[in-house]
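*Asks:* Residue 160 in our numbering sits at position 95 of the sequence shown; the count goes up by one each step and never skips. Beta carbons are placed, not taken as given, at the ideal position from N, Cα and C, and that holds for glycine.
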Amino acid sequence: MKSGDAASLAAAGGPHAADVLGTSWLTRLIVAVAMLVAAATAIDLGMGETFGWDARVNCAAVDAHIAGLDPYFMENLKDAKYSYPYLPVTLDAFRPLCAGGVLVAHYKAIYLVLAILCALSLPGLGEGRRSLRGTALRVIFALGGFVGLEWVLATGNFAIFSGLLIAAALALLLRPAGSDRLGNKSSLLQFAGAALLGLVTSFKLVYCPIIAALYLLPLQRSRKLMLIAVASGGFVLPILISAVFYAHLLPSWLGAIFGQIPGQHSPSNEVNPSLLFLARALADRLGLVGSKLVIASLYGFAALVLVIGPLAVSVWRMIAARGPVDVRSPLNWFDRWLIEHPVAAMRLAVLTMYAFYLCAPRLKEYAFFDVALYAAILIVDLPAAGLAAVMTVAVGIPALASITGYAFIDGFDQLAIALACFWIMLWAQSAVPGQVVRAAGVEPAQLSRAEGF
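(1) Helix, strand or coil for residue 469? Go by DSSP, reduced to three states.
(2) Can you round the beta-carbon distance between residue 440 and residue 210 to whole angstroms, since I take them to be within the 8 Å contact cut?
(3) Can you grab the Cα-Cα spacing for the pair residue 484 / residue 196, in whole Å?
(4) Measure the CB-CB distance between residue 98 and residue 490 and report whether it falls below 7 Å.
(5) Which class does residue 337 belong to by DSSP, given the choice of helix, strand or coil?
(6) Does residue 435 come out as helix, strand or coil in the three-state DSSP assignment?
(7) Are the region 462-472 and the region 413-421 touching, with three or more C-beta to C-beta distances below 8 Å?
(8) Shortest alpha-carbon distance to residue 255 belongs to which of 236, 272, 352, 269?
(9) Grab me the residues of residue 411's own chain with a C-beta within less than 6 Å of its C-beta, minus the 5 sequence neighbours each way, in chain order.
(10) Residue 383: buried (16+ other C-beta within 10 angstroms of its C-beta) or exposed?
(11) From residue 222 to residue 116, what distance separates their C-alpha atoms?
(12) Where does residue 269 fall in DSSP's three states?
(13) Relative to the C-alpha of residue 375, which candidate in 312, 424, 167 has its C-alpha closest?
(14) Excluding five sequence neighbours on each side, which residues of the same chain lie with their C-beta closer than 6 Å to the C-beta of residue 94?
(15) Under the rule that 16 or more other beta-carbon atoms within 10 Å means buried, what is residue 285, buried or exposed?
(16) Quick check: what's the CA-CA separation for residue 365 versus residue 378?
(17) Quick check: the Cα distance between residue 564 and residue 112, rounded to an integer number of angstroms?
(18) So the candidates are 127, 146, 183; which of them puts its Cα closest to the Cα of residue 162?
(19) Would you please state the rounded distance, in angstroms, between the beta carbons of residue 119 and residue 220? I believe it to be under 8 Å.
Here it is, written out as structure tokens:
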């Protein structure tokens, strides 16, 4: 990395740019982390072609579908060790991606370019939306956060494409504070973002709760509910299309997903680093793994104690410190508070999406690439101490471990560092002084309309 690149990482931007610029040790840390990420990425790109099994399986399923075979039976997939997990409609949606075999042959280089595009597409929060420093941090985090991209490159998983849709959806949803001046165009862009977000959740159904986080956007309640409805429609539409136009394949898809096809791999039987599997491991230690009630209780308790509870406490402290709560109409008061604090509201929405990912019952290793994209938005405006901690824990240590040969395969390493990053961001969020940041052009009359439909 050239010295000019090092200087560019410290370019001004964001509400905390002053203390970051004045902290030379932080600049050196970011440069060191960037070098680790670059080295780890180079190693991943140089690995043998024995990897990329998900890309081969997905494109083999597309080829089988074109040939008139049932792609959900592994016997119809060339050299496949895994079943095809996506909805039937994706078989035609993915056809252009697999045409000519280019993706399978060159997926690593293609995925790296797409990962950089994901980072560049992510929106900023606050005033420094397109600063060079913020862009550099988002690229570093997208490439190295939680070694999510490493798993995408190793498996060739199509999570890279869901990452592109997530980045585009967030860019459309997290409109700048003054974007209401665009009028109907701004509304249409946000509805398009909501539809894209819903479409992403249809790829992996377990992530659909993130749609509820749209309620935390700094908008009137009626508009937020419309965004949630549009996102829900984007989630349901691929399922309906699959049920209507691919009815002959839907039973096979369900059988493949739930392990009802004898003698072949099923996603339901996979072990992955989620809180549900952590609860199952704990129940096994206690000799109670046969009780679904015990596992469900441990799972809910873990999600509440490790994620939902800390998030709720942090949010309550953040909003209660900025004014008395209207106990007569707390929801109206909360809606008004979100509109009066648009930047904080958007951070809260993204942080809640991050939290819902961590609580998902099925969180595959490559899914942490999506988690890293949400985190990449949040880290840019962190105070110096919080930024240094997150970059070290979520990027530096995993990249160093990857370079030295520890591949984050067994156990719950990725989940642990993602949780640590989540807690650090909660701490940093509560440490930021409370200031009322009003959206440009928002009048008191507009704020009062947020109280109802």
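*Replies:* Per the coordinate set shown:
(1) The residue labelled residue 469 in the question sits at position 404 within the sequence shown. Coil.
(2) Start at 1 with the first residue of the sequence shown, and residue 440 comes out as number 375. Start at 1 with the first residue of the sequence shown, and residue 210 comes out as number 145. About 6 Å; that satisfies the 8 Å criterion.
(3) One-based indexing of the sequence shown puts residue 484 at position 419. One-based indexing of the sequence shown puts residue 196 at position 131. Their Cα atoms are separated by approximately 28 Å.
(4) Residue mapping note: residue 98 aligns to position 33 of the sequence shown, counting from 1. Residue mapping note: residue 490 aligns to position 425 of the sequence shown, counting from 1. Contact flag unset, no.
(5) Residue numbering aside, residue 337 sits at position 272 when the sequence shown is read from its first letter. Of the three classes helix, strand and coil, the one that applies to residue 337 here is coil, per DSSP.
(6) To locate residue 435, count along the sequence shown from 1; it is residue 370. Residue 435: helix per DSSP, three-state reduction.
(7) no
(8) Counted from its first residue, the sequence shown places residue 255 at position 190. Of the listed residues, the one whose Cα sits closest to residue 255 is 236.
(9) By 1-based counting over the sequence shown, the position of residue 411 is 346. Counting only Cβ-Cβ distances below 6 Å, and skipping sequence neighbours, we find 190, 239.
(10) Counting from one through the sequence shown, the residue named residue 383 turns up at place 318. With 16 or more other Cβ atoms within 10 Å, it is buried.
(11) By 1-based counting over the sequence shown, the position of residue 222 is 157. By 1-based counting over the sequence shown, the position of residue 116 is 51. Residue 222 and residue 116: Cα-Cα distance of roughly 10 Å.
(12) The residue labelled residue 269 in the question sits at position 204 within the sequence shown. Here residue 269 sits in coil by DSSP.
(13) Taking the sequence shown and counting its residues from 1, the one referred to as residue 375 is at position 310. The shortest Cα separation from residue 375 among 312, 424, 167 belongs to 424.
(14) Locating residue 94 in the sequence shown gives position 29, counting from the first residue. Hits under 6 Å: 453.
(15) Indexing the sequence shown from 1 puts residue 285 at position 220. Classification for residue 285: buried.
(16) Counting from 1 along the sequence shown, the entry for residue 365 is found at position 300. Counting from 1 along the sequence shown, the entry for residue 378 is found at position 313. Straight-line Cα distance between these residues: approximately 17 Å.
(17) This structure cannot settle anything about residue 564, because the visible part of the chain is limited to 66 through 518.
(18) Residue numbering aside, residue 162 sits at position 97 when the sequence shown is read from its first letter. Among 127, 146, 183, the Cα nearest to that of residue 162 belongs to 127.
(19) One-based indexing of the sequence shown puts residue 119 at position 54. One-based indexing of the sequence shown puts residue 220 at position 155. Right, their Cβ atoms sit about 4 Å apart.
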